[in-house]
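Counting in numbering that gives the first Met the number 0, the sequence shown runs from 0 upward without gaps.
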Amino acid sequence: MNRPDVGDVVRLPGWLPDPPYRVLGVRDPGIDGHLWLDGYLIEDTGITVASYLVPVNRLRPLPDPTWDQA
């Protein structure tokens, strides 16, 4: 996956929380191959807002659970 866009839904690397993650911001941390992602986890029990430093090559795109149902 390349750099995600704002609004994308991604699967985070295995050592981070498992629920789908909606990207609200993307920042360059100055570390090659990594990004800071700002956003929230899409959970059945609510929303958890969080930022993560992640390697870009470990992100996986997911279908959008909101718009794909329309």
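Where is the CB? At the ideal position from N, CA and C, for every residue including glycine.
| Item | Value |
| --- | --- |
| Roughly how many whole angstroms lie between the Cα atoms of Gly45 and Gly29? | 32 Å |
| Relative to the C-alpha of Ala49, which residue among Asp4, Tyr20, Asn1, Leu58 is closest? | Tyr20 |
| Considering only the alpha carbon of each residue, which of Val22, Met0, Asp4, Asp7 lies closest to Tyr51? | Val22 |
| With Arg21 as the anchor, note down where its beta strand (DSSP E) starts and where it stops. | 20-26 |
| Excluding sequence positions up to five away, which residues of its chain have a Cβ less than 8 Å from the Cβ of Leu61? | Val8, Val9, Arg10, Pro19 |
| Taking the alpha carbon of Leu40 as the point to measure from, which residue in Asn1, Arg26, Pro64, Met0 has its own alpha carbon closest? | Pro64 |
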